[in-house]
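Residue numbers (the numbering used here), protein chains in the order written: chain U, 19 to 132; chain F, 572 to 816.
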């Protein structure tokens, strides 16, 4: 496990975190009026951005850290499946899907003796 | 809505934005940050670094990638690339929000400053609610919400950090799981374009696939490869629809 030390940690976070994210926010402001909402370039950017975040989500579910590392994969996937089913039945209200997924996970962990 | 009655003062609208902290999306985000806090505490990242990250980076996916990269021992450049690629989505989000909230008099420096407070939750909240705010006060309203959300989450992380490691295993497990589940639900339900659904599904599959194929560049490849595939597929499907019509 590597943890950054001293002032270098703040420089590291400021460059690789702060600048790396605000760069796009600033470009977003400058593009604001110019980028056409229906342009094909924007559509592609949207797709890449969403796929990126989806890949992060999949990794968090398949390869979690901490306590969940020891939990069975079928329980995590089962929780997501139950949450997704409830989400679509419940007219795509986020809170319904989230509550169901977390409840199934909690019950599963409890039954397995965590 | 009648402007003469609802306009009020700038302070009224700033406070109205601040009150958004009690909305459901804000609550979900705060719980997700408690989960993120548990993740960083378990990983051994010092609390002052975590608070700095929350304020400086703000976007939760970028924060998660930043911490994962640090833990994986990635160097500055590799971390910068991973984080910046995950944040490209912020550009169209900001670009779509700006025309909704600015007036001709709004200075660009103010918009540049306020853009820092844009992330998924603040964006979804603002796009939804700003319609009911008189145009002259939309920037003020967003500032009230955005600034409050960031400051409250920084304080939350600072306070909660010392307790999260003592949480019962079931609680910390569920809090960790809240982050991916919350992102799945909020992105899917707030999507306004068909390509988002396609990219979401393909990205979920492409992530593990590229992790297996090339673990060092998995997120990057899944984003660019999976996203381009989703875009091509959706465009093909769209064109076929146009021909038929």
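Don't be surprised by glycine CBs; every beta carbon is placed ideally from N, CA and C.
Self-check item: Nonlocal neighbours in the same chain, by C-beta distance under 7 Å from residue 766 of chain F, ignoring five residues either side
Solution: Numbered from its first residue, the second chain carries residue 766 of chain F at position 195. Here the set comprises 801, 802 and 805.
Quiz item: Considering residue 678 of chain F, what are the terminal residues of the alpha helix (DSSP H) in which it resides?
Solution: Here residue 678 of chain F corresponds to residue number 107 of the second chain, with the count starting at 1. Here residue 678 of chain F belongs to no alpha helix (DSSP H), and DSSP marks it neither H nor E.
Self-check item: Candidates F/700, F/632 and F/594: closest to residue 606 of chain F by CA position
Solution: Along the second chain, one-based indexing puts residue 606 of chain F at 35. Just measuring C-alpha positions, the residue of F/700, F/632 and F/594 sitting nearest residue 606 of chain F is F/632.
Quiz item: CB residue 76 of chain U to CB residue 776 of chain F, shorter than 9 Å?
Solution: Mapped onto the first chain, residue 76 of chain U falls at position 58. Mapped onto the second chain, residue 776 of chain F falls at position 205. Contact: yes.
Exercise. Can you pull the chain U residues whose beta carbon is under 8 Å from the beta carbon of residue 635 of chain F, in chain order?
Key: By one-based count along the second chain, residue 635 of chain F stands at place 64. Ordered by position in chain U, the residues that pass the 8 Å Cβ test against residue 635 of chain F are 74 and 78.
Exercise. Would you verify that the beta carbon of residue 771 of chain F is, or is not, closer than 9 Å to some beta carbon of chain U?
Key: Position 200 of the second chain holds residue 771 of chain F. Yes, residue 771 of chain F counts as interfacial toward chain U.
Exercise. Consult DSSP for residue 715 of chain F and reduce its assignment to one of helix, strand or coil.
Key: Position 144 of the second chain holds residue 715 of chain F. Residue 715 of chain F: helix per DSSP, three-state reduction.
Self-check item: Backbone secondary structure at residue 68 of chain U - three-state DSSP
Solution: Against the first chain, residue 68 of chain U aligns to sequence position 50. Helix, per DSSP.
Practice problem: Determine the extent of the alpha helix (DSSP H) in which residue 656 of chain F is found, giving its start and end residues. | Solution: Translated into the one-based positions of the second chain, residue 656 of chain F becomes position 85. For residue 656 of chain F, the uninterrupted alpha helix (DSSP H) segment begins and ends at 647 to 657.
Quiz prompt | Alpha-carbon to alpha-carbon, residue 807 of chain F and residue 609 of chain F | solution = Taking the first residue of the second chain as position 1, residue 609 of chain F is located at position 38. Taking the first residue of the second chain as position 1, residue 807 of chain F is located at position 236. CA-to-CA, the gap between residue 609 of chain F and residue 807 of chain F works out to about 43 Å.
Practice problem: Return yes when the Cβ of residue 655 of chain F is within less than 9 Å of the Cβ of residue 757 of chain F, no when it is not. | Solution: Start at 1 with the first residue of the second chain, and residue 757 of chain F comes out as number 186. Start at 1 with the first residue of the second chain, and residue 655 of chain F comes out as number 84. Cβ atoms of residue 757 of chain F and residue 655 of chain F: not closer than 9 Å.
Practice problem: Give me the Cβ distance between residue 585 of chain F and residue 715 of chain F, rounded to the nearest whole Å; I'm assuming they're in contact under 8 Å. | Solution: As a first step, residue 585 of chain F is located in the second chain; it is residue number 14 there, counting from the start. As a first step, residue 715 of chain F is located in the second chain; it is residue number 144 there, counting from the start. Their Cβ separation, rounded to whole angstroms, is 4 Å, which keeps residue 585 of chain F and residue 715 of chain F in contact under 8 Å.
Practice problem: List the whole-angstrom C-beta distance separating residue 698 of chain F from residue 668 of chain F, where the pair is believed to meet the contact cut-off of C-beta under 8 Å. | Solution: Here residue 698 of chain F is taken as the residue at index 127 of the second chain, counted from 1. Here residue 668 of chain F is taken as the residue at index 97 of the second chain, counted from 1. Yes, residue 698 of chain F and residue 668 of chain F are in contact; Cβ-Cβ is about 6 Å, under 8 Å.
Practice problem: Ignore the nearest five residues each way along the sequence and tell me which others in residue 575 of chain F's own chain have a CB closer than 7 Å to its CB. | Solution: Translated into the one-based positions of the second chain, residue 575 of chain F becomes position 4. Confidence at residue 575 of chain F is low in this model, with a pLDDT of 45, below 50, so its placement is unreliable and no value can be given for it.
Quiz item: Is the Cβ-Cβ distance between residue 116 of chain U and residue 107 of chain U less than 9 Å?
Solution: Stepping through the first chain from its first residue, residue 116 of chain U is reached at position 98. Stepping through the first chain from its first residue, residue 107 of chain U is reached at position 89. In this structure, residue 116 of chain U lies away from residue 107 of chain U, with their beta-carbon atoms at least 9 Å apart.
Quiz prompt | Distance, residue 88 of chain U Cα to residue 684 of chain F Cα | solution = The residue you call residue 684 of chain F lines up with position 113 of the second chain. The residue you call residue 88 of chain U lines up with position 70 of the first chain. Taking the straight line joining both Cα atoms gives about 43 Å.
Exercise. Using three-state DSSP, classify residue 698 of chain F as helix, strand or coil.
Key: For the purposes of this step, residue 698 of chain F is identified with residue 127 of the second chain, where counting begins at 1. Looking at residue 698 of chain F - three-state DSSP - the assignment turns out to be helix.
Exercise. Identify whether residue 800 of chain F lies in helix, strand or coil by the three-state DSSP scheme.
Key: To locate residue 800 of chain F, count along the second chain from 1; it is residue 229. Residue 800 of chain F sits in a helix when the DSSP states are folded into three classes.
Quiz item: By the 10 Å Cβ neighbour count, where 16 or more other Cβ atoms means buried, how is residue 813 of chain F classified, buried or exposed?
Solution: Translated into the one-based positions of the second chain, residue 813 of chain F becomes position 242. The residue in question, residue 813 of chain F, is exposed, as its Cβ has fewer than 16 Cβ neighbours within 10 Å.
Quiz prompt | alpha helix (DSSP H) runs wholly inside the stretch 715 to 797 of chain F, at least 4 long, in chain order | solution = Entirely contained in the stretch 715 to 797 of chain F, the alpha helix (DSSP H) runs reaching 4 residues are, in chain order, 740 to 761, 765 to 784 and 789 to 792.
Exercise. Flag this pair as yes or no: are the beta carbons of residue 774 of chain F and residue 798 of chain F separated by less than 9 Å?
Key: Taking the first residue of the second chain as 1, we reach residue 774 of chain F at position 203. Taking the first residue of the second chain as 1, we reach residue 798 of chain F at position 227. Taking 9 Å as the Cβ cut-off, residue 774 of chain F and residue 798 of chain F qualify as a contacting pair.
Quiz prompt | Sequence-distant residues of the same chain with beta carbon closer than 7 Å to residue 817 of chain F, five excluded per side | solution = Lying outside 572 to 816, the shown extent of chain F, residue 817 of chain F is not represented and no answer is given.
Self-check item: Whole-angstrom distance between residue 769 of chain F and residue 65 of chain U, CA atom to CA atom
Solution: Here residue 65 of chain U corresponds to residue number 47 of the first chain, with the count starting at 1. Here residue 769 of chain F corresponds to residue number 198 of the second chain, with the count starting at 1. As the crow flies, the alpha-carbon of residue 65 of chain U is around 8 Å from that of residue 769 of chain F.
Quiz item: Do you know whose CA, among F/701, F/711 and F/616, lies nearest residue 580 of chain F's CA?
Solution: What you label residue 580 of chain F is simply residue 9 of the second chain in a count that begins at 1. Scanning F/701, F/711 and F/616 for the CA closest to the CA of residue 580 of chain F turns up F/711.
Self-check item: Test: residue 19 of chain U CB closer than 9 Å to a CB of chain F
Solution: To locate residue 19 of chain U, count along the first chain from 1; it is residue 1. Any reading at residue 19 of chain U must be qualified, since the residue scores a pLDDT of 43, below 50, and its modelled position is unreliable; the value itself is stated next. Closer than 9 Å to some Cβ of chain F, the Cβ of residue 19 of chain U qualifies, so yes.
Self-check item: Buried or exposed by the 16-neighbour rule on C-beta atoms within 10 Å, applied to residue 781 of chain F
Solution: Position 210 of the second chain holds residue 781 of chain F. By the neighbour-count rule (16 or more Cβ atoms within 10 Å), residue 781 of chain F is buried.
Self-check item: residue 616 of chain F - DSSP class collapsed to helix/strand/coil
Solution: Within the second chain, the letter at position 45 stands for residue 616 of chain F. In the structure shown, residue 616 of chain F sits in coil (DSSP, three-state: anything other than H, G, I, E or B).
Self-check item: Backbone CA spacing between residue 57 of chain U and residue 737 of chain F [nearest angstrom]
Solution: Along the first chain, one-based indexing puts residue 57 of chain U at 39. Along the second chain, one-based indexing puts residue 737 of chain F at 166. If you take the alpha carbons of residue 57 of chain U and residue 737 of chain F, they lie about 50 Å apart.
Quiz item: Whose C-beta lies closer than 8 Å to the C-beta of residue 100 of chain U among residues of the same chain, with five residues either side of it excluded?
Solution: Residue 100 of chain U sits at position 82 when you count from the first residue of the first chain. Cβ within range, chain order: 118, 119 and 122.
Quiz item: Can you find at least 3 beta carbon pairs, one from the stretch 32 to 47 of chain U and one from the stretch 781 to 790 of chain F, that sit closer than 8 Å?
Solution: In short, these stretches do not touch, since the Cβ pair count stays below three.
Quiz item: Given that residue 845 of chain F touches chain U, what residues does it touch there, using C-beta distances under 7 Å?
Solution: Chain F is shown only over 572 to 816; residue 845 of chain F falls outside these bounds and no answer can be derived.
Quiz item: Given 8 Å as the limit, is there contact between the stretch 22 to 35 of chain U and the stretch 642 to 653 of chain F, that is, 3 or more CB pairs closer than that?
Solution: They touch, by the three-pair rule.
Quiz item: Would you say residue 96 of chain U faces chain F, with C-beta separation under 9 Å as the test?
Solution: Within the first chain, the letter at position 78 stands for residue 96 of chain U. Contacts with chain F at 9 Å (Cβ-Cβ) do not include residue 96 of chain U.
Quiz item: Would residue 124 of chain U count as contacting chain F if we go by Cβ distances under 9 Å?
Solution: Within the first chain, the letter at position 106 stands for residue 124 of chain U. Interface residue, yes.
Self-check item: Whole-angstrom distance between residue 695 of chain F and residue 63 of chain U, CA atom to CA atom
Solution: Position 45 of the first chain, counted from the first residue, corresponds to residue 63 of chain U. Position 124 of the second chain, counted from the first residue, corresponds to residue 695 of chain F. When only Cα atoms are considered, residue 63 of chain U and residue 695 of chain F end up about 18 Å apart.
Quiz item: In chain F, which residues lie less than 9 Å from residue 90 of chain U when you measure between Cβ atoms?
Solution: Your numbering for residue 90 of chain U matches position 72 in the first chain. Chain-order list of chain F residues neighbouring residue 90 of chain U: empty, with the shortest C-beta distance near 12 Å, by a criterion of under 9 Å.
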